[in-house]
Amino acid sequence: MPEAGIPDPAHLVLYVSALTVVEGGTASFSVALSRYPGAPLTVTVARTDGDADLTVREGASLTFEPATWATPQQVVLAAAKDADNEDGTATFTLSAPGLEPGTVLATEADQDPLAPVFTTVPVTQAVVAIPYRLLVHARGRPAPTYVLRTAPPGMSLDALGNLSWTPSQLGEVDVAVVASNGQQPDAELSFRLVVGRDQPPVARITAPLQGARLSGPRADFSCECIDDVGCARVVFRVNGSILATQEGPGPVYSVSDWDLTGLAPGGHVLQAFVTDSAGHTVEPEAVLVYVDAPGPDAGAEVDGGHTGFGDEGDDIIDPWSCGCGSSAMAPAVWMGLGVLGLRARRRRA
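Count along the sequence shown starting at 1, add 9, and that's the number in the working numbering.
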């Protein structure tokens with residue numbers, strides 16, 4: 010930043026950062042200076058990268074003088090005709106002594122006729138009684154039109170390529186969409202659509218991770234969901250109590266400002282209950298975390314004492330080491346495990 014009373018140094022003023030040049034035609038952009046640099050200045054314009062069919066037709070050298078420095082000057086770019094049917098691009102750099110260079114990206118708009126080619130990757134699974142939607146698109150010049158050549162009853166396709174259908178029964182159907190624009194050959198998109206029953210979502214808690222030690226006033230509690238139609242809601246629980254409920258399609262749900270200040274030091278059980286748009290609810294594997302105090306390592310004995318016959322459990326074992334956590338134990342169960350361990354310690358003492 011310049012010091013107080015010292016004006017900003019001069020710099021190039023570009024009125025566009027990108028433009029399109031029709032093949033066989035021209036396009037222009039304007040250049041000016043932010044202030045007079047104190048002496049006449051010449052700005053040069055040259056292609057520094059890209060398609061050689063794009064060139065500077067006019068304005069390769071621009072001179073700014075005391076009376077003209079604020080007046081925009083024109084640079085004219087041209088795109089030569091070619092036979093590659095590709096929209097080439099090129100970078101043009103504007104430079105002048107003592108000034109930061111500027112760049113403009115030019116794109117050639119090819120005008121040669123081009124037979125249609127589909128760019129759509131179709132979704133090949135549908136769910137009975139749930140609307141199926143697919144936007145089909147084919148590249149071509151002129152822009153192609155679409156027709157359904159093969160389709161089940163009730164499927165429709167509009168002029169913009171929006172394919173829609175609500176399947177009424179399980180099974181498989183064949184679909185074929187044809188794109189044409191007067192250039193041969195026409196393009197065809199053919200696929201087999203499998204209609205199945207709605208499946209429950211698949212979900213998992215992504216943060217915090219199993220056994221994480223949490224400190225500070227806040228943390229992130231997140232869950233992700235994948236479903237064949239769409240996820241709709243998640244309920245976050247901490248020690249069996251609802252922390253938050255979030256609505257929406259997902260796939261990521263998050264309580265990014267989870268308040269830890271009301272939790273006692275020690276272990277806490279995190280659960281998430283995810284529901285899809287059809288009403289199926291699943292509970293991913295619960296997560297055990299520790300707040301403001303280190304917890305036992307998974308599967309490790311806490312007191313390390315000898316265990317003999319009749320001790321009735323001298324040691325406390327982390328229940329997650331046996332896979333018990335996958336059943337999402339209620340908080341009362343966790344408390345019971347702690348009481349048993351405490352009793353064992355007292356007996357041995």
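The C-beta atom is built at its ideal place from N, Cα and C for all residues, glycine as well.
Excluding sequence positions up to five away, which residues of its chain have a Cβ less than 8 Å from the Cβ of THR133? PHE200, ARG201, LEU202, VAL203, listed in sequence order.
Span separating the alpha-carbon of SER39 from that of LYS90: Taking the straight line from one Cα to the other gives about 24 Å.
Reference LEU223, options ALA27, ASP58, HIS277, VAL30, closest by Cα: With distances taken between Cα atoms, LEU223 lies closest to HIS277.
So, at 6 Å on beta carbons, what are the nonlocal neighbours of ALA135 in its own chain, with the 5 sequence-adjacent residues on each side left out? Cβ within range, chain order: TYR141, PRO176, LEU202, VAL204.
Considering just the uninterrupted stretch of the beta strand (DSSP E) at SER224, what are its terminal residues? Here SER224 belongs to no beta strand (DSSP E), and DSSP marks it neither H nor E.
Going by beta carbon distance, what residues of the same chain come within less than 7 Å of ASP266, once the five residues before and after it are set aside? In the same chain as ASP266, and ignoring 5 residues on each side of it, the C-beta atoms closer than 7 Å to its own belong to ARG227, in chain order.
Three-state secondary structure (DSSP) at HIS146? DSSP, reduced to helix, strand and coil, places HIS146 outside both helices and strands of the structure shown, so it counts as coil.
Element boundaries [beta strand (DSSP E), containing LEU21]: LEU21 -> beta strand (DSSP E) spans 21 to 23.
Using only the alpha-carbon positions, how far apart do PHE101 and ARG56 sit? When rounded, the separation of the alpha-carbon atoms in PHE101 and ARG56 is 4 Å.
Which residues in the same chain as GLY259 place their Cβ atom closer than 6 Å to its Cβ, once the five residues preceding and following it in sequence are excluded? Around GLY259: CYS234, CYS240.
Anyone know if the C-beta pair for LEU169 and ILE214 falls short of 8 Å? No, the Cβ-Cβ distance between LEU169 and ILE214 is not below 8 Å.
Sort out for me which residues DSSP pairs ASN171 with in a bridge. Looking at the DSSP output, ASN171 bridges to LEU144.
Within 8 Å, do at least three Cβ pairs link the region 114 to 134 to the region 144 to 156? Counting Cβ pairs under 8 Å, three or more are found: they touch.
Residues bridged to ALA48 (per DSSP): Looking at the DSSP assignment, ALA48 forms no beta bridge with any residue, so it has no partner.
Beta-ladder partner(s) of THR98, from DSSP: Beta-bridge pairing links THR98 to THR116.
So, for VAL238: in the same chain, excluding its five sequence neighbours on each side, which residues have a beta-carbon less than 8 Å away from its beta-carbon? So the list reads VAL136, ILE139, ASP207, ASP285, SER286, ALA287, once near-sequence residues are dropped.
Separation of SER26 from SER46, as counted between CA atoms: A small fix is needed here, since residue 46 is Pro in this sequence, not Ser. Rounded to the nearest angstrom, the gap between the Cα atoms of PRO46 and SER26 is 23 Å.
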